[in-house]
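Written out below as structure tokens is the structure these notes cover.
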Amino acid sequence: MQPMSGKTLYDKIWDAHVVDTQDGEAILYIDLHLIHEVTTPQAFAGLRVNRRPVRRPDRTLAVADHNVPTEGQALGVDAVADEEARLQLQTLGRNVAEYGIEYFPMGDIRNGIVHVVGPEQGRTQPGMTIVCGDSHTSTHGAFGALAHGIGTSEVEHVLATQTLRQKKAKNFRVRIEGEPAPGVGAKDYALAVIGQIGTAGGTGYVIEYAGSAVRALSMEGRMTLCNLTIEGGARAGLVAPDDTTFDYLKGRPATPKGGAWEMALGYWKTFFTDDDAVFDREIVLDAAQIAPTVTWGTSPEDVVAITGHVPDPASFETPDKRASAERALEYMGLTPGQPITEAKVDVVFIGSCTNSRIEDLRSAAKIAAKALEGGRKVAEGVRAMVVPGSGLVSAQAEEEGLDEIFKAAGFEWREPGCSMCLGMNPDKLTSGQRCASTSNRNFEGRQGRGGRTHLMSPAMAAAAAIAGHIADVRDFL
Amino acid sequence: MEAFTRLDAPAAPLPLSNIDTDQIIPKQFLKTVERAGLAKGLFYEYRFDEQGREKPDFVLNQPAYKGAGVLITGDNFGCGSSREHAPWALMDFGIKAVISTSFADIFYNNCFQNGLLPVVLKAEQVAQLMDEARGGNHVVSIDLEAQTVTSPSGASFTFEIDAQRKQKMLQGLDAIGETLQAAPSIDLYEQKRALDRPWLERA
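Just so you know, the sequences run in chain order A and B. Note that our numbering has the first sequence beginning at 4, numbered continuously upward. Note that our numbering has the second sequence beginning at 6, numbered continuously upward.
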């Protein structure tokens, strides 16, 4: 008989949440259900039709983020100009009132992007299961919580039962070891990983990030890394909790206090991968070999080092890939062999659930401050916008004077929300506009019909704003 | 949910990889509070130009494929956003099955919640179906009970599907009703959780 191998972090969280098994499917208990206006109206309608209550309104938290305008939020929902967006926000307001769910509405300082709010409030905790009708729920895995996106039917299922029917995924470990070069961070790691495994490389897996470079990341950095896990096809990313995690959580509004904190801490510390655990797949990256990275195409796997060139479609292996690359280059208005730094930008977007936290804003502001010292500002003709992830991030940034730096350097300082990451609100690209964006998806039309998105870190986006073209942040440090 | 047993329908070839849910149904159609009526936004940017006119080249705009019930497409279909509006839009348009070599996880799950059948076949089988669907006869038959896809020329391919998911599709079963049968287990779990992790209970 083979000896039993140890458990992975994912195995441990999974085992701690299996309520029952029906027909080979686990019924998994959900500790935290985050909801927002876009993927819930049909779920509440389903509950109503079937006369089902919400099982645990106290384990559910609602925010308004996808649709909200990034100005004039103090005026409230009734002032939202877009009629359909307004109706959706009003519908959420009615639904949470009817079912007794806590809600941070537009204009509340605690409101913001759902994946910024959960951690910031201390709702996201190690060892939890967390779901939300949004694929970037993977973000919360940074705390060692099993967190992933679900569809609206599953939102209804969780509301009604506080559980989700699941088949277990496979275990995939991504180790990033060593010291990064200056100007390189979590966003570059994430893009490098996706570039290596491809946008479907993680399908069917949960990815655990490990290695010295991951351990050295702040919680903000870990959130960026886990956030982008879905772009590599894996629904959830994980980082085992450690002192960085516990320090971040201590004293947050929803984290336990006093004796309960000690009790929780003891529990949280049981969530790590055993030394003898076996992964179904594993890759190792050397942080020192990762350059500041940007995307050139229309899939997050289309990555290139900032010192690199736009690839030639002929260099791709399969006819399918060649056709996709040709289509991407035509859409992006780029030519094979062109240095990526030649791409002139029209818009710079610093924000989204990937990169709108305080540390992200600090790193972008640092580049803006440096430019100001040298007498430079946002390049002529470039619209650069900064959209903080929540009202509290915004307040913190203002306390640190970051808003003043941005404004002095020619950036717009806006109110929180998902904004131009997906352009459901008025912040959109127009056809042909090229955008240096700190968001997560460079899909065709994602930021506006015909818009051209290049994904990169906040510091790189700030550098692009100053230079007027995609630029190497190391020239701005 | 409507049951899926057998389908004989025209199949439309869409030979692109990594079609994400933003392509299937763009953001501007996500502001609805309804499930129905999303067909108008399906593949919007592929189907319509900036003036809102139909692009004649796009497969679903061609008269031969107007009534397509099956879509044959490239790898990793449905990647990106979790929006269930993607299967809703496909179903509302009349698509009842999608054939590909692979699907993204969340989209794949969402299909089963709505009676839209995602069929995974080998690359060469998808390529053959794609080729045949480009010809004059492009009616494909899918038999879920037998787990087969039959091409217009009569070639038959077997596909794999999870046994439980298959049963639910065949019967059009509601997952919530089924889970609620396990309510005593959920009660028990919650009681235990309240003791083990009291800090998660609201005071």
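Where a beta carbon is used, it is the ideal one built from N, C-alpha and C, also for glycine.
Neighbourhood of Ser138 (chain A) in chain B, by CB distance below 8 angstroms: Gly85, Ser86, Ser87 and Ile111, in chain order. Only those residues of the region 166-182 of chain B whose C-beta falls short of 7 angstroms from the nearest C-beta of chain A are listed: Gln169, Ala180 and Ile181.
The three-state secondary structure of Asn98 (chain A), taken from DSSP, is helix. For His160 (chain A), the nearest CB of chain B lies under 8 angstroms from its own CB, placing it at the interface with that chain. Annotation: the region 80-107 of chain B contains the following complete segments of the alpha helix (DSSP H) (minimum length 4 residues), in chain order: 90-98. The three-state reading of DSSP puts Gly254 (chain A) in coil, since its state is none of H, G, I, E or B.
Cβ-Cβ distances below 7 angstroms link Phe409 (chain A) to Ala368, Ala371, Val389 and Trp416 in the same chain, with the five nearest sequence neighbours on each side left out; the list follows chain order. Secondary structure at Trp264 (chain A): helix, using DSSP grouped into helix, strand and coil. Listed in chain order, the non-local C-beta contacts of Ile473 (chain A) below 7 angstroms within the same chain comprise Val297, Ile343, Thr344, Ala346, Val348, Ala439, His457 and Ala467, local neighbours out to five positions each way being set aside.
Identification of residues in the region 53-65 of chain B having a C-beta nearer than 9 angstroms to some C-beta of chain A yields Glu55, given in sequence order. Between His139 (chain A) and the set A:Val71, A:Ala48 and A:Thr227, the nearest pair of CA atoms involves A:Thr227.
Going by C-alpha positions, Thr94 (chain A) is about 10 angstroms away from Thr37 (chain B). The Cβ of Asn70 (chain A) sits closer than 8 angstroms to at least one Cβ of chain B. Annotated three-state conformation of Gly115 (chain A) is strand, per DSSP. Leu288 (chain A) sits in a strand when the DSSP states are folded into three classes. In the DSSP assignment, Tyr212 (chain A) forms a beta bridge with A:Val177. In the three-state reduction of the DSSP assignment, Ser442 (chain A) falls in the coil class, being assigned neither a helical nor a strand state. The beta carbons of Tyr49 (chain B) and Pro31 (chain B) sit about 5 angstroms from each other, so the pair counts as a contact at 8 angstroms. Restricting attention to A:Arg455, A:Ala219 and A:Phe479, the CA atom closest to the CA of Met423 (chain A) is found in A:Arg455.
Residues of the region 22-39 of chain B whose Cβ lies closer than 8 angstroms to any Cβ of chain A, in chain order: Ser22, Asn23, Asp25, Asp27, Gln28, Pro31, Lys32, Gln33, Leu35, Lys36, Thr37, Val38 and Glu39. Within the region 10-35 of chain B, the runs of alpha helix (DSSP H) that reach at least 4 residues and sit entirely inside it are, in chain order, 26-29. For Val351 (chain A), the closest alpha carbon among the candidates A:Met459, A:Ala195 and A:His118 is that of A:Met459. Within chain A, the residues Ala203 and Asp323 have their CB atoms less than 9 angstroms from the CB of Asp80 (chain B), given in chain order. Interface residue (Cβ-Cβ distance to chain A less than 8 angstroms): Ser146 (chain B) is not classified as such. Beyond the five residues adjoining it in sequence on each side, Phe98 (chain B) comes within less than 7 angstroms, by CB distance, of Ala44 and Leu47 in the same chain, given in chain order. Assigned with DSSP and collapsed to three states, Gly152 (chain A) falls in strand.
For His39 (chain A), the secondary structure class from DSSP, reduced to helix, strand or coil, is coil. With 16 or more other Cβ atoms inside 10 Å of its own Cβ, Val154 (chain B) counts as buried.
Counting only runs of 3+ residues, the beta strand (DSSP E) found wholly inside the region 115-164 of chain B occupies 122-125, 144-148, 153-155 and 161-163, in chain order. Ala8 (chain B) carries a coil assignment under DSSP once its states are collapsed to helix, strand and coil.
Look at Ser393 (chain A) here: in three-state DSSP terms it is strand. Just so you know, the alpha carbons of Tyr13 (chain A) and Arg176 (chain A) end up roughly 11 angstroms apart. Secondary structure at Cys135 (chain A): strand, using DSSP grouped into helix, strand and coil. Residue nearest to Pro123 (chain B) within the set B:Arg170, B:Leu178, B:Gly159 and B:Glu195 is B:Arg170 (criterion: CA-CA distance). Between Phe107 (chain A) and Pro129 (chain A), the gap from beta carbon to beta carbon reaches 8 angstroms or more. Three or more beta-carbon pairs separated by less than 8 angstroms link the region 102-121 of chain B to the region 74-91 of chain B, which places the two stretches in contact.
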